[in-house]
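**Q** Input: one structure, supplied below.
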Amino acid sequence: MEEKKIDTKSIIGFVLIFGILLFMMWQNQPTPEELAEKEKQEQVAKQKEAAKQELTSVKEAEQISEQLPENDSLKTLALQNKLGAFAYGANAKEELITVENEVLSLKFNTKGAYLAEVKLKKHTNFNDGNIFLVKDNNSSFNLNFGTTDNRILNTKDVNFAPKVFKNGENTIVSFKLNVSDSKFLEYKYVLKPNDYMLDFSINSIGLDQVINSSKEVDLEWTLKTISHDQSVSYENRYTRLTYSYDDGEIDKLSATGEDEEIEQDVKWLSFRQHFFSSILVADQPFNKMTLASRDLVKNEEIDTLFTKQYAAKSVLDLKSNNLASNFQLYFGPTDSKILSQYENDLEESIPYGWGIFGWINKFLFIPLFDLLSGFLPYGIAIIVMTVLIKLAMSFVQYKQYLSQMKMKILKPELDAIREKYKNNKLKAQQETMALQSKAGASPLAGCLPALIQMPVFYALFTFFPVAFALRQKKFLWADDLSSYDVVAELPFNIPLYGDHVSLFPILAAIAIFFYMKLTTGQQQMQAPQQEGMPDMTKIMKYMIYFAPIMMLIFFNNYASGLSLYYFISNLISIGILLVIKNLILDEDKILAKIEVNKSKPKKENRFQKKMKEMMEEAEKQKNLQNQKKK
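Below is the structure:
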């Protein structure tokens, strides 16, 4: 048998070959740069694979699209997954389109096809800066709808193809989101010369196979109102969301905190920022609309940029699976002269007061002030208007003072009745009423004239703060009659009062003090204090000081035009009172007339008879109770 021997040469050969292979592998291993490039290629491959899996999430598609260069085929694929049928216009770029007329400067963003900036060219803020109603993403306009390929599209996230052209004197701005050359969603804006109102329409052509009719088309509009005045708190008080619904009814959301309402048949809504408004008017009322408002001013020393956050959401009607909605957009002054030029009663968005107070402003004070300010400086127009109002109301003041004087003359007899029936309060009251009725004097006669003046007082209180004509109009030391006047700046802020001193409220407070001093002394001489009733003498003594202090504190941040009115009004009231007291009314003649009235038989009206019967019945019941006790 042949002996097996180890082939050492073969073993050495295998070892050498193995060593050479190891050396070659070591030599050919990838560098760190090559490893990084390989890893990057693998990531791109994974992204492409993910994109090919029919992405329906807008966020995922956008993330992939943003990570890739413009010329990468995957970017187009990502946009197709994002837009679906609307990817036909995916190459549209985001840019700003600027158009102007005499009063507005507008910038539209192709992304979302809505206004990125609205500037009012003829108005400035309290620092002489530009007035912007829309700027720096404070506003958003969006359509949200489903498509037949199970996507959800938000128009605010996609780029439209713009086109600007002239149609006569009008400037047309068209934005299209295309499915094809003949099928698209279009926003169209029409800007007319020297006009704050834009025509705005939303239309879809040939999208009946694209828009999912089983899902609602939501219209969403939001706006954060930009502060323009020197007093944020005062401005914010008159910044409210107002709307018209149910064929002309006007309502508004709360001026403080958060508020939300769902209304039917909304015709228009106004995102009002005190003296300026952004208004959306629908050609056909919205069937149902959700309206929301949130107060952004928590601390007026810190929150000085924005005042309110507004939001409106509604559903647009689909007609044959296509959209066809016409609107108007107003961006301009909250000025009755301008708003009254348009249809739909847009001037009702101005808070002139409800009921009779609003009527007095609309049909009396606004026309009167417009007439006077047409040929007089605005401060002088306020003074002349105040004089005319006080003269017209002087007969009321005359009746009030005449009643007070009659009560003063009767006071000795009334005191005697009280003393005579001091143990029978009911009888004393009956005799008091009988004497007052015969003499033709009654405490109510002094109260009624004051009540008559209340509607006028409140109407003017609501008129001056919202009178656009007073904005930035100077008078004496006041730089702006629609805002507070400043004669001294304080180095600190006093709660309720502020960080400044206004002179017109001080003058008005002084005038109120002297007027109340004159009238209160007369009122204290009226009927004696009745048991169980509050001591009016003490109350009036306190009111002499309380009312001026309230004027001084709370009106320090109000419109100086309003404080000017109250100052002049009370000065005139003092003058009228002195004239009536010293030149018109004669106490001896009044006394003689009272005696004549007392001698005449007094015919009682139904009310007096009823009151007398009730008091007599009450006295009988009291006598019966006393007899039972005995």
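The sequence shown begins at 1 in full-length UniProt numbering and counts up by one.
By construction, the Cβ of each residue, glycine as well, lies at the ideal position given by its N, Cα and C atoms.
Which residues mark the beginning and the end of the beta strand (DSSP E) in which P333 is found?
**A** Locating residue 333 in the sequence shown gives position 333, where the first residue counts as 1. Taken as a continuous stretch (DSSP letters only), the beta strand (DSSP E) holding P333 covers 322–333.
**Q** So, with DSSP's three-state summary, where would you put K163?
**A** If you number the sequence shown from 1, residue 163 lands on position 163. It is a strand residue.
**Q** Quick check on G146: does DSSP put it in helix, strand or coil?
**A** As a working mapping, residue 146 is identified with position 146 in the sequence shown. G146: strand per DSSP, three-state reduction.
**Q** What does DSSP give as the partner residues of H500 in its beta bridges?
**A** Here residue 500 refers to the residue found at position 500 of the sequence shown. DSSP output for H500 lists E489 as bridge partner(s).
**Q** How should I12 be labelled, buried or exposed, when 16 other C-beta atoms within 10 angstroms of its C-beta is the threshold for buried?
**A** The count along the sequence shown starts at 1 and reaches residue 12 at position 12. Looking at its Cβ environment, which holds fewer than 16 other Cβ atoms inside 10 Å, I12 is exposed.
**Q** Could you tell me if A392 is buried or exposed, where buried requires 16 or more neighbouring beta carbons within 10 angstroms of its beta carbon?
**A** As a position in the sequence shown, residue 392 is number 392, starting the count at 1. Label assigned to A392: exposed.
**Q** Given a threshold of 16 other Cβ atoms within 10 Å of its Cβ, counted over all protein chains shown, does G532 qualify as buried or as exposed?
**A** Along the sequence shown, read from residue 1 onward, the residue named residue 532 stands at position 532. Low per-residue confidence applies at G532: pLDDT is 46, beneath 50, and the placement is therefore not dependable, though the value from the model is reported in the following sentence. So G532 counts as exposed.
**Q** What does a CB cutoff of less than 6 Å around E94 pick up in its chain, not counting 5 residues either side in sequence?
**A** Within the sequence shown, the letter at position 94 stands for residue 94. Closer than 6 Å at the Cβ level, and outside the excluded window around E94, lie T110, K111, N159.
**Q** Exposed or buried, which one is W221 when buried takes at least 16 other CB atoms within 10 Å?
**A** On the sequence shown, position 221 is the one that residue 221 refers to. So W221 counts as buried.
**Q** Which residue marks the beginning of the alpha helix (DSSP H) containing M385, and which one marks its end?
**A** Translated into positions along the sequence shown, residue 385 becomes position 385. Unbroken alpha helix (DSSP H) run through M385: 378–392.
**Q** Curious, which full-length beta strand (DSSP E) runs of at least 3 residues does the region 96–137 contain?
**A** Listed in chain order, the complete beta strand (DSSP E) runs (minimum 3 residues) inside the region 96–137 are 96–100, 104–109, 114–124, 130–134.
**Q** Kindly confirm or deny that the region 195–214 and the region 175–185 touch, where touching means at least three C-beta pairs closer than 8 Å.
**A** These segments touch.
**Q** Drop a sphere of 10 angstroms on the beta-carbon of K390, count the other beta-carbons inside from all chains shown, and report buried for 16 or more, exposed for fewer.
**A** By 1-based counting over the sequence shown, the position of residue 390 is 390. Counting Cβ neighbours within 10 Å, K390 comes out buried, since at least 16 surround it.
**Q** Using a Cβ-Cβ distance cut-off of 7 Å, determine whether I338 contacts chain C.
**A** In the displayed structure, chain C is absent; only one protein chain is listed.
**Q** Under 6 Å Cβ to Cβ from G561, same chain only, skipping five residues before and after it: list those, please.
**A** Indexing the sequence shown from 1 puts residue 561 at position 561. Counting only Cβ-Cβ distances below 6 Å, and skipping sequence neighbours, we find I382, F464, L470, L481.
**Q** What number of angstroms, rounded off, separates the C-alpha of K337 from the C-alpha of I211?
**A** Working through the sequence shown from its first residue, we reach residue 337 at position 337. Working through the sequence shown from its first residue, we reach residue 211 at position 211. Spanning the two alpha carbons is a distance of roughly 43 Å.
**Q** From what residue to what residue does the alpha helix (DSSP H) around V315 run?
**A** Here residue 315 refers to the residue found at position 315 of the sequence shown. Premise fails: V315 lies in the beta strand (DSSP E), 306–316, not in any alpha helix (DSSP H).
**Q** Nearest to N142 by CA position, among N150, K473, G168, I202, is which residue?
**A** For the purposes of this step, residue 142 is identified with residue 142 of the sequence shown, where counting begins at 1. Considering only alpha carbons, the answer is I202.
**Q** Mind checking which residues open and close the beta strand (DSSP E) that includes P285?
**A** Mapped onto the sequence shown, residue 285 falls at position 285. 276–295 is the extent of the beta strand (DSSP E) around P285.
**Q** If you count every other CB in all the chains shown that lies within 10 Å of the CB of Y566, and 16 or more means buried, which is it?
**A** The sequence position of residue 566 within the sequence shown is 566, counting from 1. Looking at its Cβ environment, which holds 16 or more other Cβ atoms inside 10 Å, Y566 is buried.
**Q** Using the Cα positions of D295 and K308, report the straight-line distance between them to the nearest angstrom.
**A** Mapped onto the sequence shown, residue 295 falls at position 295. Mapped onto the sequence shown, residue 308 falls at position 308. Going by the C-alpha atoms only, they are around 5 Å apart.
**Q** Taking only three categories from DSSP, how would you classify N154?
**A** To locate residue 154, count along the sequence shown from 1; it is residue 154. Of the three classes helix, strand and coil, the one that applies to N154 here is strand, per DSSP.
**Q** By the 10 Å Cβ neighbour count, where 16 or more other Cβ atoms means buried, how is P495 classified, buried or exposed?
**A** The residue you call residue 495 lines up with position 495 of the sequence shown. Label assigned to P495: exposed.
**Q** Who are the Cβ neighbours of K107 in its own chain at under 6 Å, not counting the five residues just before and after it?
**A** Along the sequence shown, one-based indexing puts residue 107 at 107. Around K107: L96, T98, A116, E117.
**Q** Quick one: Cα of K581 to Cα of F395, how far?
**A** As a position in the sequence shown, residue 581 is number 581, starting the count at 1. As a position in the sequence shown, residue 395 is number 395, starting the count at 1. Answer to the nearest angstrom: the Cα atoms are 13 Å apart.
**Q** Could you give the C-beta distance for T239 and R272, rounded to a whole number, given that I count them as a contact under 8 Å?
**A** Walking along the sequence shown from the start, residue 239 turns up at place 239. Walking along the sequence shown from the start, residue 272 turns up at place 272. Going by Cβ atoms, the distance from T239 to R272 rounds to 6 Å, so yes, they are a contact pair.
**Q** Taking the continuous alpha helix (DSSP H) assigned at V217, which residues delimit it?
**A** The residue given as residue 217 occupies position 217 in the sequence shown. V217 -> not in any alpha helix (DSSP H); beta strand (DSSP E) instead, spanning 217–226.
**Q** Could you check if residue 632 is buried or exposed, using at least 16 other CB atoms within 10 Å of its CB as the buried criterion?
**A** Residue 632 is absent from the model: the chain starts at 1 and stops at 630.
**Q** Helix, strand or coil, according to DSSP, for E347 in the structure here?
**A** One-based indexing of the sequence shown puts residue 347 at position 347. Three-state DSSP puts E347 in a helix.
**Q** Taking the alpha-carbon positions, what's the A292 to F365 distance?
**A** Translated into the one-based positions of the sequence shown, residue 292 becomes position 292. Translated into the one-based positions of the sequence shown, residue 365 becomes position 365. Answer to the nearest angstrom: the Cα atoms are 33 Å apart.
**Q** Put R240 into one of helix, strand or coil per three-state DSSP.
**A** Locating residue 240 in the sequence shown gives position 240, where the first residue counts as 1. DSSP places R240 in coil when its eight states are reduced to three.
**Q** Return yes when the Cβ of E300 is within less than 7 Å of the Cβ of V384, no when it is not.
**A** In the sequence shown, the residue the question calls residue 384 occupies position 384. In the sequence shown, the residue the question calls residue 300 occupies position 300. No, the Cβ-Cβ distance between V384 and E300 is not below 7 Å.
**Q** State the DSSP-derived secondary structure class of W354, mapped to helix, strand or coil.
**A** Looking up residue 354 in the sequence shown gives position 354. In the structure shown, W354 sits in coil (DSSP, three-state: anything other than H, G, I, E or B).
**Q** Measure the C-alpha to C-alpha separation of G358 and Y558 and round it to an integer number of angstroms.
**A** In the sequence shown, residue 358 corresponds to position 358, counting from 1. In the sequence shown, residue 558 corresponds to position 558, counting from 1. If you take the alpha carbons of G358 and Y558, they lie about 20 Å apart.
**Q** On the CB-based measure, 16 or more other CB atoms within 10 Å of its CB, does I152 come out buried or exposed?
**A** For the purposes of this step, residue 152 is identified with residue 152 of the sequence shown, where counting begins at 1. Exposed, because fewer than 16 other Cβ atoms sit within 10 Å of the Cβ of I152.
**Q** I want to know whether the region 169–181 touches the region 117–128 - three or more CB-CB distances under 8 Å.
**A** At 8 Å Cβ cutoff, the stretches do not touch.
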